[in-house]
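Residue numbers (our numbering): 174 to 276.
Every residue gets a Cβ at the ideal spot worked out from N, C-alpha and C, and that includes glycine.
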């Protein structure tokens with residue numbers, strides 16, 4: 174029923190083959206073209222309070238897993254980055270220093 178899996182499988186080569194298949198067949202693009210019901214997942218701001226740790230990795234994995242799962246279930250999931258809560262104050266100060274007022 175199933176093909177026997179080699180015990181000497183080269184995961185690096187296998188990953189490259191899968192990635193190449195996705196590129197050749199435009200798999201990601203096809204998932205973006207699907208017109209299923211909308212599902213929005215707000216990816217909140219990153220935290221800049223200390224050194225990265227395993228909790229950051231877990232959070233990032235969950236924030237990646239849920240939209241991917243919903244996409245596979247047929248939903249239209251926009252892929253947008255979260256809010257930048259740390260950059261805006263810096264940008265405003267730079268605008269002041271340069272004498273810019275784009276508002």
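Rounded to whole angstroms, the separation of the alpha carbons of residue 262 and residue 272 is 15 angstroms.
The beta carbons of residue 207 and residue 249 sit closer together than 8 angstroms.
Minimum Cα-Cα distance from residue 211 among the listed residues 229, 240, 275 and 179 corresponds to 240. Checking the DSSP bridge columns, you'll see residue 211 partnered with 249.
Where residue 186 is concerned, the enclosing alpha helix (DSSP H) starts and stops at 184-198.
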